[in-house]
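Worksheet: one structure, shown below.
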């Protein structure tokens with residue numbers, strides 16, 4: 002057996018071993034809606050333990066469960082923009098005025114999402 006044949010057989014054996022491991026290894030489960038929602042919120046600049054994070058997480062997770070990742074991203078933008086708006090008014094994040102501002106801003110901005118959203122009738126709705 003020549004050197005090149007030896008190297009080829011070692012390479013082939015390595016490929017067979019890796020393929021066997023890939024077939025035997027358990028599949029990686031998809032990320033839960035909560036994990037995906039958390040990632041989407043962080044990507045939009047809404048960090049954990051900041052104003053708007055709970056709103057972002059709840060709404061984005063719900064949208065993902067409905068199969069609407071675009072809407073989840075829109076809710077994350079709403080939380081981020083609402084936080085920025087309340088901070089621009091000079092409100093302190095620990096104040097009750099800030100909480101009221103966040104509630105008002107997220108509610109108003111989320112209405113804009115629905116006004117721009119194309120109606121999508123899913124199988125959960127009855128049809129005539």
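In the working numbering, the protein residues as written are 2 to 129.
All C-beta atoms in this analysis are idealised placements derived from N, C-alpha and C, irrespective of residue type, glycine included.
To the nearest angstrom, how far is it from the Cα of residue i to the Cα of residue j?
i           : j           : result
residue 94  : residue 108 : 18 Å
residue 127 : residue 54  : Note that residue 127 has pLDDT 48, beneath the 50 cutoff, so the model's placement of it is unreliable and no number is given.
residue 74  : residue 42  : 8 Å
residue 102 : residue 87  : 6 Å
residue 72  : residue 113 : 12 Å
residue 49  : residue 105 : 20 Å
residue 99  : residue 52  : 9 Å
Is residue i buried or exposed, if buried means 16 or more other CB atoms sit within 10 Å of its CB?
i          : result
residue 62 : buried
residue 90 : exposed
residue 79 : buried
residue 47 : buried
residue 85 : exposed
residue 58 : buried
Which residues bound the alpha helix (DSSP H) around residue i?
i          : result
residue 47 : That residue, residue 47, is in no alpha helix (DSSP H); it is neither H nor E in DSSP.
residue 93 : No alpha helix (DSSP H) holds residue 93; DSSP gives it neither H nor E.
residue 62 : 54-66
What residue ranges within the stretch 3-30 form continuous alpha helix (DSSP H) runs of no fewer than 4 residues, ordered along the chain?
4-25
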